[in-house]
Amino acid sequence: MRNRKKAAIVSSSSDSRPRESGWPPANTCKFMQLSRAAVMDILSRLPITTLITCRCVCKRFLHLISDPEFAHLHLTRSPISIMIKTLPPINGSKRLQIAQIEDNGAGFGVTKLEFTAKDSIPTCEFNHMNSCNGLLCLVGLEKDNSVYVCNPILGEYITLASPSKGRHRGSFGGLGYSAVTDQYKVLQTFYPLNESDHRYVEVEICTIGTGAWRSLGVGPKDLVTLPFNSFLNGTLHWSNCSPNGSQFIHTFNFVTERFGAVSPPARFSEEDKKFTDSFRIGVLGGCLYAIFFENSLRLDIWIMKEYGVTESWTKQFAVENLYPRKHSWDVYEPVIVLNNGEILLVYNNDNVVCYHPKRKCLRGTTMFRTRSQFNAIAYTPSLVSLYVVAKGEQISRTRGTGKYEMLAAEQVQSCAGCGALLISSGYSLPHFSGYLGATSYPSDSIGRESELVCEACAKHLYAPSQKSFLSLWSI
22 MRNRKKAAIV SSSSDSRPRE SGWPPANTCK FMQLSRAAVM DILSRLPITT LITCRCVCKR
82 FLHLISDPEF AHLHLTRSPI SIMIKTLPPI NGSKRLQIAQ IEDNGAGFGV TKLEFTAKDS
142 IPTCEFNHMN SCNGLLCLVG LEKDNSVYVC NPILGEYITL ASPSKGRHRG SFGGLGYSAV
202 TDQYKVLQTF YPLNESDHRY VEVEICTIGT GAWRSLGVGP KDLVTLPFNS FLNGTLHWSN
262 CSPNGSQFIH TFNFVTERFG AVSPPARFSE EDKKFTDSFR IGVLGGCLYA IFFENSLRLD
322 IWIMKEYGVT ESWTKQFAVE NLYPRKHSWD VYEPVIVLNN GEILLVYNND NVVCYHPKRK
382 CLRGTTMFRT RSQFNAIAYT PSLVSLYVVA KGEQISRTRG TGKYEMLAAE QVQSCAGCGA
442 LLISSGYSLP HFSGYLGATS YPSDSIGRES ELVCEACAKH LYAPSQKSFL SLWSI
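Below is the structure:
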């Protein structure tokens, strides 16, 4: 026993060597002693619900999870989800529901989230929606005349005044991202006032952060609602809905801001254009897909393995023994191919079904317990903040209580150089409206306190409050 005590004393004295100022903290755990990159890699693999909790653990976690670099890394690893809005809106259904799909190898699990206008989204009264990198674009009702871009996970949103000016808004619109300029853009169509027969549509685009709409002239007449998952390589994709259309697959590129087309598989002929109900396109597993119904009981899924190369179209899956058709327009849209080979599909916007390729059969799921039809889109929950991507816009937040406001007040800093207010983390402000400046975190490890620098004058901010984040949360 004495030998053990002596060994313990020697070990303790050996740790009394001088430490680099502030790093590693003397009383930190082993996990905190990992490099910042290692901790970021570990946390980026966690589901969004766990990360929301992790932000409240300590300031170091909050700063790391609030880092735009972390948000980007987590986005690339976050699994796809299905977001629905039930139709028609009835009492108790004015919300968005999300089913996060977790592939466990033998099958899949589902984690459900709900977003309401009270705490996550600006409104539940909208005509259509689409998503890009975890951000939602909600186009308001005709009487509302507004377009919203929001992140429901963070409760942040901006409002873009619609440029309709009395024009009838078209059914087509969408949010996209240009990796070249690192900008998000919203596309919207309108019917001119003097055209009662809607012979053509006018197209306008707004770059997030500028607050201004620009005209792109006249767009394709057959613009329709986007498919379940339509955004790939900076481009929106949709299929032709007119038998007289010139192309099967239409596109809009957010980098060039031009409309275009993608050639379909060679299997498709001009004769197939007459049967537009039998053709669907979208994005599956990071590749463009095209679906053609061979007959009422079978569909083939073609995959473009190399984007833009017509010869790379390959018939990847055949889904047989489909449900007997309810309508001539029965629609199956694939969501994800699981590791066990099963395929999840959205069926007729009223169910999510699973196809077993070996048994060649479909089975229903209880992913969404609703008897109503719904609008469904692909959605990837993310921590991409509008305070980062929409600088210059008036940013609002949907949620806020006295407890949260107390927390927010502790995080507001004033610049020692120019006196401007700066917020250390947009993610720590559940109730805030205004412009947020940038912060930088130069520390090379999560264990070191982050240094805040004013983007406007490059001066250091006053030191953050030493009160721990956990004690703030318990106020």
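As numbered in our numbering, residues 22 to 496 make up the sequence shown, in order.
Heads up, the beta-carbon is just placed ideally off N, CA and C, and yes, glycines get one too.
Beta carbon of residue i, beta carbon of residue j: below 8 Å?
i, j, result
"G230", "G385", "no"
"M369", "V352", "Contrary to the premise, residue 369 reads as Asn rather than Met in this sequence. Yes, the Cβ-Cβ distance between N369 and V352 is below 8 Å."
"G128", "T144", "no"
"S403", "H189", "no"
"I179", "I416", "yes"
"H271", "A282", "yes"
"K206", "V222", "no"
"L383", "L343", "yes"
"E177", "S333", "no"
"G238", "T210", "no"
"K326", "C308", "yes"
"V340", "Y376", "yes"
"F300", "F313", "yes"
"L208", "G191", "no"
"A236", "I302", "Before going on, a small fix: residue 236 reads as Ser here, not Ala. In this structure, I302 does not lie closer than 8 Å to S236 by Cβ."
"V170", "S183", "no"
"E354", "P248", "yes"
"G155", "N172", "yes"
"V374", "V356", "no"
"E278", "I226", "yes"
"T419", "I142", "yes"
"L8", "Q394", "A question about residue 8 goes unanswered here, because the residues of the chain that appear run from 22 up to 496."
What residues match up with residue i in a beta bridge as DSSP calls it?
i, result
"K336", "W323"
"V207", "L196 and C227"
"G238", "V224"
"E177", "N172 and R418"
"D124", "F129"
"I364", "V358 and Y376"
"H258", "T272"
"H149", "V160"
"L134", "I119"
"S167", "A182"
"L309", "V304 and M325"
"Y212", "H189"
"L253", "T256"
Starting from residue i, follow the beta strand (DSSP E) in both directions and report where the run begins and ends.
i, result
"L159", "L156 to G161"
"M61", "Note, M61: premise wrong, no beta strand (DSSP E); alpha helix (DSSP H) at R57 to L64."
"T272", "I270 to N274"
"S317", "Where S317 is concerned, there is no enclosing beta strand (DSSP E), given that its DSSP letter is neither H nor E."
"V352", "Taken as a continuous stretch (DSSP letters only), V352 belongs to no beta strand (DSSP E), as it is neither H nor E."
"Q54", "No beta strand (DSSP E) contains Q54, which DSSP labels as neither H nor E."
"G281", "R279 to V283"
"I103", "S102 to L108"
"A397", "Q394 to Y400"
"R384", "C382 to G385"
What are the boundary residues of the alpha helix (DSSP H) that includes residue i?
i, result
"Y17", "For the chain, the structure presents residues 22 to 496; residue 17 sits outside this window and is missing."
"I302", "Counting along the chain, I302 falls outside any alpha helix (DSSP H), though it belongs to the beta strand (DSSP E) covering F300 to L305."
"G72", "Note that residue 72 is Leu in the sequence shown, not Gly. Its alpha helix (DSSP H) spans residues I69 to C75."
"R81", "K80 to I86"
"T97", "P89 to R98"
Hey, residue i and residue j are a contact pair by Cβ (cut 8 Å); roughly how many whole angstroms apart?
i, j, result
"G130", "N361", "Not quite, the Cβ-Cβ distance comes to about 13 Å (not below 8 Å), so this is no contact."
"I119", "K133", "7 Å"
"S99", "I69", "7 Å"
"T256", "F269", "So it is not a contact: roughly 15 Å between Cβ atoms."
"S56", "F91", "With a Cβ gap of about 14 Å, S56 and F91 do not count as contacting."
"P89", "V304", "Rounded, the Cβ-Cβ distance is 24 Å, inconsistent with contact."
Does the distance between the C-beta of residue i and the nearest non-hydrogen atom of the ligand NAP fall short of 7 Å?
i, result
"M150", "With respect to small molecules bound, the structure shown includes none, and the ligand NAP cannot be examined in it."
Any beta carbon of chain D sitting closer than 8 Å to that of residue i?
i, result
"G362", "The chain inventory of the structure shown lacks chain D, comprising one protein chain alone."
At least 3 beta-carbon pairs within less than 8 Å: the segment 250-257 vs the segment 195-203: yes
Contact the segment 79-94 vs the segment 136-147: 3+ CB pairs below 8 Å: no
Three or more C-beta pairs below 8 Å linking the segment 141-158 and the segment 394-403: yes
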